[in-house]
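I have placed the structure first, in the form of structure tokens, so that the comments after it can refer back to it.
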Amino acid sequence: MRAFISHNHRDKPAVKPLAARLRLLGVDVWFDSWEIRPGDTIPGKVNQALSVVDTVMVFWSENASESRWVNTEWETALTRSLDDDSVRVIPVLLDETPLPALLRRIMWVSMTDDDVDRAAREMVGIESQADLVKTMQQTVEESGLDYQYFHGYGVAVGCLKCGAPSSKLEGWSEVDHSRDDLYAGVRCTQCGWNEGGEIFW
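In terms of the numbering used here, the sequence shown is residues 2 to 202.
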């Protein structure tokens with residue numbers, strides 16, 4: 002599946018986690034924040050993407066309903082789907098804003114409950130949460146990424162600040178004896194970036 006993520010920029014915090022999960026499920030996702038670079042013409046990049054993807058996910062909300070961009074994108078996708086039955090348009094409801102008349106008859110996915118995993122499963126046809134997790138884990142393993150797990154932080158493939166590989170990261174832990182709390186995390190030996198949190202023991 003090659004999917005275009007049509008959304009209003011104010012909905013990015015709700016949309017981005019789903020786009021990331023879809024990538025981990027093997028979907029070739031076109032998401033503007035990941036694809037458009039300084040110097041690119043936005044209409045040109047969007048038009049190019051809409052002409053080659055096979056799925057357009059329209060994230061619908063009050064914000065989207067007021068966006069000329071989103072309306073142009075779904076109208077373009079719907080027109081293309083009339084000429085090519087392999088193109089799918091999937092409305093994704095972010096709130097209770099009614100869908101436009103032309104999108105109402107298309108099977109939609111709801112994210113009004115903020116259940117990102119369920120929405121991702123519906124979009125790619127995975128039945129259980131366990132299968133979702135197994136598929137995402139398999140994608141990570143097959144990627145060949147050198148990643149490590151750090152208590153207090155989680156999985157890291159590299160430094161968020163300087164981009165150093167995971168081999169340049171090290172775990173740390175400290176005890177706050179006055180409060181009897183344990184803290185742990187990860188630091189970069191190359192630039193000093195440091196992140197972590199309290200560990201409950």
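All C-beta atoms, glycine included, are put in the ideal place defined by N, C-alpha and C. Every value quoted in this text rests on a predicted model; they were computed, and no experiment measured them.
query = Skipping 5 residues on each side, what residues in its chain have a beta carbon closer than 8 Å to that of L161?
reply = In the sequence shown, the residue the question calls residue 161 occupies position 160. Counting only Cβ-Cβ distances below 8 Å, and skipping sequence neighbours, we find W194 and E196.
Which of helix, strand or coil DSSP assigns to A165 = Position 164 of the sequence shown, counted from the start, is the residue given in the question as residue 165. In the structure shown, A165 sits in coil (DSSP, three-state: anything other than H, G, I, E or B).
For V59, the nearest candidate out of S111, L25 and Y148 (CA to CA) = Position 58 of the sequence shown, counted from the start, is the residue given in the question as residue 59. Checked all of S111, L25 and Y148; the closest Cα to V59 is S111.
query = DSSP puts Q149 in a beta bridge; with which residues?
reply = Taking the first residue of the sequence shown as 1, we reach residue 149 at position 148. According to DSSP, Q149 bridges with A157.
key: Distance between beta carbons of R11 and N64, contact taken as under 8 Å   = Your numbering for residue 64 matches position 63 in the sequence shown. Your numbering for residue 11 matches position 10 in the sequence shown. The Cβ separation is near 4 Å, so the contact holds.
DSSP state of T1 mapped onto helix, strand, coil = What is shown of the chain runs 2 to 202, which leaves residue 1 out entirely.
From Y150, L25 and D85, residue whose alpha carbon lies closest to that of R122 = Position 121 of the sequence shown holds residue 122. For the residues Y150, L25 and D85, the minimum Cα distance to R122 belongs to L25.
ask   = With distances taken between CB atoms, is the gap from N9 to S62 smaller than 8 Å?
value = Walking along the sequence shown from the start, residue 9 turns up at place 8. Walking along the sequence shown from the start, residue 62 turns up at place 61. Yes, Cβ-Cβ distance for N9 and S62 is below 8 Å.
DSSP three-state assignment for G126, whether helix, strand or coil = Here residue 126 is taken as the residue at index 125 of the sequence shown, counted from 1. Here G126 sits in coil by DSSP.
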